[in-house]
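Colleague: To start, I am sharing the structure in question, which I have written as C-alpha cells.
Protein chains in written order, with our numbering: chain A, 4 to 431; chain B, 298 to 553.
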C-alpha cells in the first residue's frame with residue numbers, strides 16, 4: 004500500500020509540493036522518507052498495541068483530494084461553539100472556506116489565517132517533527148490548516164475557533180491539516196479546535212497541531228473530536244511551554260470508528276503549569292485512544308492530568324499517560340488520574356499510566372480505575388423517585404460533568420456540557 | 298382504623314445472615330414512631346428494607362403502605378408512593394448540582410403522578426421556601442450533591458430533600474448521629490415543621506437526644522432483629538437512664 008503513497012508524493016513534489024517555499028519541500032521529503040521507512044504502525048508496536056489501524060492502512064485513500072463540496076452554513080451550525088461573533092476559521096474537507104469563516108477585527112495585531120497564506124511569508128511555521136508515523140505522513144502532505152499568532156502581551160477576550168468539517172464528498176479521502184497556535188510572551192488566549200464529520204462521512208482525518216506558549220502566557224485549548232461514526236481520526240498535538248506559562252487543555256473525543264489523539268506537552272522551562280483534562284465517550288464499536296506525554300524537563304513545574312472515559316456497547320478505550328521527569332526537574336509536582344466507567348458488560352478499557360522519574364525531590368502520583376456505577380448511588384437516586392434508567396443517565400452525566408467543569412471559559416464549558424448531555428441522554 | 302404502614306412478620310437477610318427476625322409494626326397517619334436499639338440490632342436495616350435497599354433480601358412477611366404491597370415496588374416507586382428515607386450516610390454525587398438533582402427528583406415524582414413538571418425558574422421559587430426551613434442560603438444549591446459536605450451539612454441536605462419531596466412517610470435513619478447541638482435543632486425543627494395529620498415519621502436512633510426535640514407518639518426497642526418492647530415517649534427516657542442492657546441482657550460496648 005505504501006507504493007500508492009510514494010507515487011502520490013512524487014507527483015506532489017514534482018508540482019512543487021504545494022505553493023510553499025523550497026525549504027518546506029525539503030522538510031516534506033525528509034518526513035516522507037521517515038514515513039516510508041517505518042510505514043503504518045501495527046499492534047506489535049508498543050505505542051499502538053491496543054489500537055489496530057489496519058482499516059486505515061489498507062484503505063486506498065485519495066490524497067490531496069481536489070473534489071469540491073458545497074456546504075451551507077446551516078450544516079455547520081451544530082458544530083459551531085459559542086456565539087456567532089467569535090473569530091472562526093472554517094475548513095471544509097481540508098480546504099479553507101472564507102465565506103463560512105468569521106474574521107472580526109482582533110486586538111493588537113493578532114493574526115488568524117489559513118496555513119496556505121501564512122506559509123508564503125513565514126516558511127519557518129512549517130516545522131515538521133516526525134515523531135509519529137501519522138505525524139510524518141501529515142508533514143509530507145498537509146497543505147492547509149490554521150495559523151494563529153497572538154503577539155506578546157495581547158489578551159484575546161473571546162476564544163478563537165477552528166472548525167474542520169468533513170463532508171460526504173470527503174468519503175474515501177485523507178484530510179490532512181496542520182495547525183499552528185503561537186502565543187507570545189505574557190499573552191492570553193483561548194482556542195477551540197473542532198473536528199466534525201457530517202452525516203456518515205467515511206473520511207480519514209490526520210491532523211497535527213503545534214502550540215507554542217510563550218513566557219508567562221496563559222492558554223486554554225479545547226479540542227473537540229466529533230467525526231462521524233464511520234470516520235477515522237488521528238490527531239497529534241505538540242505543546243511547548245515557556246517559563247512561568249500556564250497551559251490548560253481539554254480534549255473531548257466522541258466520534259470516529261477509530262480515533263487516536265496524542266498530546267505531548269513539553270514543560271520547557273522553570274515554573275510552568277500544565278493542566279490536561281480529557282473526556283472520551285465510546286459507544287457501538289468505537290475505538291477511542293488517548294496517549295499523553297508530559298515532559299518535565301526543568302525544576303519547579305506542575306502538571307495535573309485528569310482523563311475520564313465512559314464506554315457503552317462494545318466500545319473500546321485506550322489510555323496511556325506518560326510522565327517523564329528528568330534528573331534536573333527537581334520539585335516537580337505531577338498528578339495523573341484516569342477513570343473509566345463501563346456501561347455495558349462488553350465495553351473494555353486498556354489503561355496504562357507510565358511514570359518515569361529520574362529526579363529525587365519530586366511529588367508524583369497516578370491512579371487509574373475502571374468500574375461501573377455504584378449500586379448505592381443508584382439506590383440513593385431511586386429512593387428520591389428517580390427511575391433506574393434516568394438514575395443511570397444522571398450518574399453517568401455526573402461522572403462526565405466533573406471533568407467538563409474544569410474548562411475555564413464559561414461559554415465553551417456550557418457548550419461542551421450540552422454536547423455531553425445530548426450524547427448521554429441527560430437533558431433535563 | 299387501618300394504619301398507614303402495616304408491617305407483619307418481616308424477615309430480611311443480607312447474604313446468608315438474617316438481620317430482621319420477624320418485625321410487627323403499625324404506624325398511623327399523624328404519628329411519630331421512634332425505633333431505638335443497640336448497635337447491630339437491625340434498626341437501620343429495617344429503615345433501608347422499607348425503602349428497598351438492594352443489599353437486603355426479604356425472606357418473609359408483608360409490608361403494606363396505604364393498603365399497597367410496598368415490598369412489590371421498586372425503590373423509585375416507593376418514593377413516588379410517598380416514602381422517603383433520610384440516609385444515615387448520604388451519597389456524594391460530584392458533578393451534579395444540588396439544584397439539578399433536587400429538581401430531577403421532584404419532577405420524577407410529579408411525572409409519576411401524571412402532573413406537569415416544574416421548570417427551573419418555578420422550581421427555584423419553591424426551593425427558596427424550603428431552604429428557609431433548614432436555615433440555608435441559595436449558594437448550597439450550586440454545590441455538587443453532598444460532595445465535600447460536612448457530616449452535618451449532609452444530614453441537613455437530607456432534610457432539605459425531604460422538605461422538597463414532602464413524603465407521607467418519612468424514615469430518618471440515624472439522622473442525629475454526628476450532629477452538633479445547632480445542627481440537631483435545625484434538623485428537628487425541619488422535621489417538626491413538616492408534621493401533618495396525614496403524614497407519619499419513623500425515627501431510627503440510638504440515642505434519646507433527638508427525641509427531646511421531636512416528641513414521639515410511640516417508642517419501640519429493637520434487639521437482635523425483633524421488637525422486644527414498645528411504649529410511649531417515656532420509654533425513651535427510661536432507655537437513656539438505664540441503657541439497653543436491661544433489655545438485651547448483655548452490656549453494650551460504648552461506640553459513640
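Each residue gets a CB set at the ideal place from its N, CA and C atoms; glycine is no exception.
1) To the nearest angstrom, report how far apart residue 477 (chain B) and residue 388 (chain B) are at their CA atoms.
2) Note down the Cα distance separating residue 335 (chain B) from residue 435 (chain B), rounded to an integer number of angstroms.
3) Please report the distance separating the alpha-carbon of residue 332 (chain B) from that of residue 500 (chain B).
4) How about residue 393 (chain B) and residue 404 (chain A): are their beta carbons less than 8 Å apart?
5) Looking at chain B, is there any beta carbon in it that lies within less than 8 Å of the beta carbon of residue 1 (chain A)?
6) Measuring CB atoms only, is the region 498-512 of chain B touching the region 309-319 of chain B, in the sense that at least three cross pairs come out at less than 8 Å?
7) Less than 7 Å between C-beta atoms, sequence neighbours within five positions excluded: which residues of the same chain meet that for residue 545 (chain B)?
8) Evaluate contact between the region 73-88 of chain A and the region 140-158 of chain A, counting only Cβ atoms and requiring at least three cross-stretch pairs below 8 Å.
9) Name the DSSP beta bridge partners of residue 307 (chain A), please?
10) Using a Cβ-Cβ cut-off of 6 Å (strictly less than) and excluding sequence neighbours within five positions of residue 351 (chain B), which residues of its own chain qualify?
11) Could you tell me whether any Cβ in chain B is nearer than 8 Å to the Cβ of residue 416 (chain A)?
12) Check whether chain A comes within 8 Å of residue 350 (chain B), counting only Cβ atoms and requiring the distance to be less than that.
13) With 8 Å as the threshold, decide whether the Cβ of residue 408 (chain A) is near any Cβ in chain B.
14) As a quick exercise: from A:274, A:184, A:161, pick the residue whose alpha carbon is nearest that of residue 211 (chain A).
15) What residue from A:29, A:77, A:252 has the CA that sits closest to residue 192 (chain A)'s CA?
16) Chain A beta carbons: is any one of them nearer than 8 Å to that of residue 372 (chain B)?
17) Grab me the residues of residue 238 (chain A)'s own chain with a C-beta within less than 6 Å of its C-beta, minus the 5 sequence neighbours each way, in chain order.
18) Mind listing the chain B neighbours of residue 385 (chain A)? Cutoff is C-beta to C-beta under 8 Å, in chain order.
19) Here's the rule I'm using: 16 or more other beta-carbon atoms within 10 Å means buried, otherwise exposed. How should residue 357 (chain A) be labelled?
20) Based on the DSSP secondary-structure assignment, which residues constitute the bridge partners of residue 215 (chain A)?
21) Which first and last residues belong to the alpha helix (DSSP H) in which residue 545 (chain B) is found?
22) Using the rule of at least 16 other Cβ atoms within 10 Å of the residue's Cβ for burial, across every protein chain shown, is residue 309 (chain B) buried or exposed?
23) Quick check on residue 462 (chain B) - is its C-beta less than 8 Å from some C-beta in chain A?
24) Using three-state DSSP, classify residue 409 (chain B) as helix, strand or coil.
25) Strictly by DSSP, which residues pair up with residue 359 (chain B)?
26) Using 8 Å for Cβ pairs, my map puts residue 335 (chain A) next to residue 299 (chain A). What's the rounded Cβ distance?
27) Whole angstroms are fine: how far does the CA of residue 430 (chain B) sit from the CA of residue 486 (chain B)?
28) Taking beta-carbon pairs under 9 Å, can you tell me which members of the region 389-404 of chain A lie near chain B?
29) Could you tell me which chain B residues have their CB closer than 7 Å to the CB of residue 382 (chain A), listed as they occur along the chain?
30) Output the boundary residues of the alpha helix (DSSP H) element that contains residue 533 (chain B).
31) Thinking C-beta only, is residue 245 (chain A) closer than 8 Å to residue 205 (chain A)?
32) Could you check whether the Cβ of residue 317 (chain B) sits closer than 8 Å to any Cβ belonging to chain A?
33) Rounded to whole angstroms, what's the CA-CA distance from residue 257 (chain B) to residue 442 (chain B)? Just pull it up for me.
34) Note down the Cα distance separating residue 327 (chain A) from residue 33 (chain A), rounded to an integer number of angstroms.
35) Using a Cβ-Cβ cut-off of 6 Å (strictly less than) and excluding sequence neighbours within five positions of residue 226 (chain A), which residues of its own chain qualify?
36) Please decide whether residue 446 (chain B) counts as near chain A, where near means a Cβ-Cβ distance under 8 Å.
Modeller: With the structure as the only source:
1) 20 Å
2) 38 Å
3) Near 6 Å, if we compare the C-alpha coordinates of residue 500 (chain B) and residue 332 (chain B).
4) Yes, these two residues count as a Cβ contact at 8 Å.
5) As displayed, chain A neither begins before 4 nor continues past 431, which places residue 1 (chain A) out of reach and without an answer.
6) At 8 Å Cβ cutoff, the stretches do not touch.
7) Contacts found: 335, 520.
8) no
9) A:278, A:338
10) none
11) no
12) yes
13) Taking CB atoms only, residue 408 (chain A) has a neighbour in chain B less than 8 Å away.
14) A:184
15) Of A:29, A:77, A:252, the residue nearest in Cα terms is A:252.
16) Yes - at least one Cβ of chain A is within 8 Å of the one on residue 372 (chain B).
17) Cβ within range, chain order: 210, 264.
18) Under the 8 Å cutoff, chain B gives 349, 371, 372, 373, 376.
19) exposed
20) A:185, A:243
21) 542-545
22) With 16 or more other Cβ atoms within 10 Å, it is buried.
23) yes
24) helix
25) B:305
26) 5 Å
27) 8 Å
28) The residues in question are 389, 390, 391, 393, 394, 397, 398, 400, 401, 402, 403, 404.
29) 350, 351, 372
30) 531-539
31) no
32) no
33) Given a span of 298 to 553 for chain B in the structure shown, any question on residue 257 (chain B) remains unanswerable.
34) 28 Å
35) 196, 254
36) no
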